[in-house]
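Following: one structure in structure tokens, then a few remarks.
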Amino acid sequence: MPEPRPVRIANCSGFFGDRLSALKEVVSGGPVDVVTGDYLAEVTMSILGKHRARDPEKGYVPTFLMQLKPVFGVVLERGIKLVVNAGGLNPHGLSDALRQLGGAMQLAPKVATLTGDDLRERLATLRESNGGFPHYESGAPLPTSEGFVHTANAYLGAWGITQALAAGADIVVCPRVTDASLVVGAAAWWHGWQRDDYNALAGAVAAGHVIECGAQATGGNYSSFREVTDLSRPGFPIAEVAADGSSVITKHPGTAGSVSVGTVTAQLVYEVGGPRYLNPDVTTRLDSIELGQLDTDRVALRGVLGEAPPETTKVAITCKGQYRNEMTFALVGLDVDAKQALFEQATRAAFKGRPVELVFQRLGAPLSADALSNASDQNQATQFLRVIATSDDEAAVSRPFGGALIELALSSFPGLFAMDLPGAASEATGYWPTLVRQSDLEVRLTHPDDRVEEISLPPQMLSAADLDQGVRPLSGGNTPNVAMPPVGNTVREPLGLIVDARSGDKGSDANVGLWTRTDEAYAWLHTELSVERLRQLLPETAALPIERYELPRIRALNFVIRGLLSGGAVATLRFDRQAKALGEFLRSRTVEIPESLVANGS
Numbered sequence: 023m024p025e026p027r028p029v030r031i032a033n034c035s036g037f038f039g040d041r042l043s044a045l046k047e048v049v050s051g052g053p054v055d056v057v058t059g060d061y062l063a064e065v066t067m068s069i070l071g072k073h074r075a076r077d078p079e080k081g082y083v084p085t086f087l088m089q090l091k092p093v094f095g096v097v098l099e100r101g102i103k104l105v106v107n108a109g110g111l112n113p114h115g116l117s118d119a120l121r122q123l124g125g126a127m128q129l130a131p132k133v134a135t136l137t138g139d140d141l142r143e144r145l146a147t148l149r150e151s152n153g154g155f156p157h158y159e160s161g162a163p164l165p166t167s168e169g170f171v172h173t174a175n176a177y178l179g180a181w182g183i184t185q186a187l188a189a190g191a192d193i194v195v196c197p198r199v200t201d202a203s204l205v206v207g208a209a210a211w212w213h214g215w216q217r218d219d220y221n222a223l224a225g226a227v228a229a230g231h232v233i234e235c236g237a238q239a240t241g242g243n244y245s246s247f248r249e250v251t252d253l254s255r256p257g258f259p260i261a262e263v264a265a266d267g268s269s270v271i272t273k274h275p276g277t278a279g280s281v282s283v284g285t286v287t288a289q290l291v292y293e294v295g296g297p298r299y300l301n302p303d304v305t306t307r308l309d310s311i312e313l314g315q316l317d318t319d320r321v322a323l324r325g326v327l328g329e330a331p332p333e334t335t336k337v338a339i340t341c342k343g344q345y346r347n348e349m350t351f352a353l354v355g356l357d358v359d360a361k362q363a364l365f366e367q368a369t370r371a372a373f374k375g376r377p378v379e380l381v382f383q384r385l386g387a388p389l390s391a392d393a394l395s396n397a398s399d400q401n402q403a404t405q406f407l408r409v410i411a412t413s414d415d416e417a418a419v420s421r422p423f424g425g426a427l428i429e430l431a432l433s434s435f436p437g438l439f440a441m442d443l444p445g446a447a448s449e450a451t452g453y454w455p456t457l458v459r460q461s462d463l464e465v466r467l468t469h470p471d472d473r474v475e476e477i478s479l480p481p482q483m484l485s486a487a488d489l490d491q492g493v494r495p496l497s498g499g500n501t502p503n504v505a506m507p508p509v510g511n512t513v514r515e516p517l518g519l520i521v522d523a524r525s526g527d528k529g530s531d532a533n534v535g536l537w538t539r540t541d542e543a544y545a546w547l548h549t550e551l552s553v554e555r556l557r558q559l560l561p562e563t564a565a566l567p568i569e570r571y572e573l574p575r576i577r578a579l580n581f582v583i584r585g586l587l588s589g590g591a592v593a594t595l596r597f598d599r600q601a602k603a604l605g606e607f608l609r610s611r612t613v614e615i616p617e618s619l620v621a622n623g624s
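Each residue of the sequence shown is one higher than the last, beginning at 23 in the numbering used here.
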């Protein structure tokens, strides 16, 4: 009996706010079996938490209903399955809204609902068995004060999705599952995988990780974007997942954008840590992945090895933070260092003795006198001074903060003007990453007929000690040798001349993955870019712990910079809150590159 054909899984959303027409585009653009949608991130959970606080009936992603309405009938008629995590903090609420929308359109969708991620009401009873829910970075136990926790959601696995589809659901509404679980659950259902088919599951995790961010896999946010002919509205990605877990990443013919080894590599190194990529159903060995360009917009992803999953899963807790206010001022022309120093001195004097912490950040680099004299206009000669105030006392950083800064307008540096008016303070939501034992979760699947099914644990789970990052060699495959780097004359050029990069946030940490197109260029990068060299190129990382991981099969290095985004995307004071542009900054730094690599365009 021949093996079943690969399942075609398209993704129609990479975040809450992605293109509203994407679901219609992937449904009408060509054949698909399943459409997934990823809507959740740390920032999103904070937003949905505020929605739920205002109205207990809310807390799900309302835009999914807007995406679905134009094609609801077509989806059901063609038997296309929908698997989304748009349930957010209220998956049953979204399921009810879907049934109501279907009824209004004279449709009868079979909607299944997954729950069990929301631990907010269970934290007290689970505290002892989970060591006090220590902060993943600081190790401090989770505070018990009333009102400290806003949301607390565990990252669930894929098996509830698999069982929902096996029972005939048209739509599976998920809460906070891992991003890749949407694809893993659908592929496991289609191919009838067992829970210990680790290599197949790991392959689906890799495919899911590639397509989870939508058009980022088809040329969006791609460092070599100039190679992509049309990025006006790039098509959304499709993973054709085969029975053995290997896949082909593609998109509908005729859509804009591009699927290449480069765009796929960019996603593989996005927001990851070490070679072991942990998911609740399987541990995926990123260092086993092999890529190959099969044809235009078709990239093979194969060779993925899997191991048993960890006994714990991540919990993302959003919590009470400090109050924050900020204003931005222009610095124009000469003497910008002295101008900033004068304004900073006066501002600190105005807040002396108050319970306020002040941070001053310069945006933009000073121009030389020659550059200033040749500036095309005043805008080109302008930098910005960002002044941020934080406090536990809301009143201390509310309108009086802006008022105190505005008072300096006529008595400080020449040319001073503000970019905005004084405003009220806001609470900067905190972020508390921690872990929970999978055995403490109560994952339930509510079928379309209201039957409730408990989702069992994985058959085998490994402790953290069994899942070290970076020392244990692959079993079942040899690690490729890295060639000797080129020798000879060098030229000083930007790193990005021969190296691509993608960066992102991981809680308070940031990652930046770098890769090359040839073995020779990777051999040079492998030797050139040590942790110490990275610190030199990224001065803001000088005092931070950095981990370096090698992925030679895809000619990549991944660096994890601990604490760069202190507090995570919802609380960090960094201007680039999610480290999205960190890789581009790194690519702009000049280094000594072998002439042979530059000449060959490596």
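Just so it is clear, CB atoms sit at the ideal spot from N, CA and C, and this is done for glycine as well.
Because the structure is a prediction, the values reported are computed rather than measured.
Asked                                                                                                                                                                               : Found
Would you kindly work out how many angstroms separate the C-alpha atoms of LEU457 and VAL613, rounded to a whole number?                                                            : 40 Å
Along the alpha helix (DSSP H) that carries VAL97, what are the first and last residues, could you check?                                                                           : 94-100
Counting C-beta neighbours from all protein chains within 10 Å, is the total for MET88 16 or more, i.e. buried, or is it exposed?                                                   : exposed
Going by DSSP, name the residue or residues bridged to LEU380.                                                                                                                      : ALA411
Over the uninterrupted alpha helix (DSSP H) stretch that includes GLY424, give me the two end residues.                                                                             : 421-428
Exposed or buried, GLU476, counting other C-beta atoms within 10 Å across all chains shown (16 or more means buried)?                                                               : exposed
Just checking my contact of VAL206 with GLY169 at CB under 8 Å: how many whole Å lie between their CB atoms?                                                                        : Not a contact, Cβ separation roughly 36 Å.
So, are the CB atoms of THR287 and TYR177 less than 8 Å apart?                                                                                                                      : no
Tell me whether GLY498 sits in a helix, a strand or coil according to DSSP, three-state version.                                                                                    : At GLY498, the pLDDT of 49 sits below 50, so the modelled position is not reliable; the number obtained from the coordinates is stated separately. DSSP places GLY498 in coil when its eight states are reduced to three.
Below 8 Å, can you find three or more Cβ-Cβ pairs linking the segment 315-329 to the segment 420-436?                                                                               : no
May I ask you to verify whether the segment 107-127 touches the segment 435-446, counting CB pairs closer than 8 Å and requiring at least 3?                                        : no
Does the distance from the CB of ILE233 to the CB of ILE271 come in under 8 Å?                                                                                                      : yes
What's the call for MET67, buried or exposed, on a 16-neighbour Cβ count within 10 Å?                                                                                               : buried
Kindly list the residues whose CB is nearer than 6 Å to the CB of ALA208, restricted to its own chain and excluding five residues on each side of it in sequence; keep chain order. : ILE31, VAL56, VAL105
In three-state terms, what does DSSP make of ASP522?                                                                                                                                : strand
Tell me whether GLN600 is buried or exposed, calling it buried when 16 or more other Cβ atoms sit within 10 Å of its Cβ.                                                            : buried
Quick one: grab the DSSP three-state call for PRO131.                                                                                                                               : coil
Output the distance between the C-alpha atoms of LEU389 and VAL534, rounded to the nearest integer angstrom.                                                                        : 28 Å
Mind checking ASP471: buried by the 16 CB within 10 Å criterion, or exposed?                                                                                                        : exposed
Whole angstroms is fine: what's the gap from TYR453's alpha carbon to GLN289's?                                                                                                     : 24 Å
Considering only the alpha carbon of each residue, which of VAL474, LEU566, ASN347, ALA393 lies closest to VAL381?                                                                  : ASN347
Which residue's Cα is closest to the Cα of ASN401: LYS91, ASP414, LEU364, LEU353?                                                                                                   : LEU353
Classify LYS528: buried if its beta carbon has 16 or more other beta carbons within 10 angstroms, exposed otherwise.                                                                : buried
Find out if the Cβ-Cβ distance for the pair ALA134, LEU587 is shorter than 8 Å.                                                                                                     : no
What is the C-beta distance between GLY328 and TYR220, in whole angstroms, given that I count them as a contact (C-beta under 8 Å)?                                                 : 3 Å
Using alpha carbons as the reference points, say which of THR240, LEU407, ARG539 lies closest to SER254.                                                                            : THR240
Output the distance between the C-alpha atoms of GLY498 and ARG307, rounded to the nearest integer angstrom.                                                                        : Unreliable positioning characterises GLY498 in this predicted model, as indicated by a pLDDT of 49, which lies under 50. A coordinate reading is not provided.
Tell me whether the segment 157-171 and the segment 186-196 touch, counting them as touching only if at least three CB pairs, one residue from each stretch, are closer than 8 Å.   : no
Considering just the uninterrupted stretch of the beta strand (DSSP E) at TRP537, what are its terminal residues?                                                                   : 531-537
Can you have a look at ILE428 and say buried or exposed, based on whether 16 or more other CB atoms are within 10 angstroms of its CB?                                              : exposed
DSSP has ILE396 in a bridge; who is on the other side?                                                                                                                              : This sequence places Asn at residue 396; Ile is not what is there. DSSP output for ASN396 lists no bridge partner at all.
Return helix, strand or coil for ASP472, following the three-state DSSP convention.                                                                                                 : coil
Whole angstroms are fine: how far does the CA of ARG384 sit from the CA of PRO131?                                                                                                  : 53 Å
Where does MET441 sit, in a helix, a strand or coil, going by DSSP?                                                                                                                 : coil
Buried or exposed for ILE615, please, with buried defined as at least 16 other CB atoms from any protein chain shown within 10 angstroms of its CB.                                 : buried
If you draw a straight line from the C-alpha of SER478 to the C-alpha of PHE597, how long is it?                                                                                    : 43 Å
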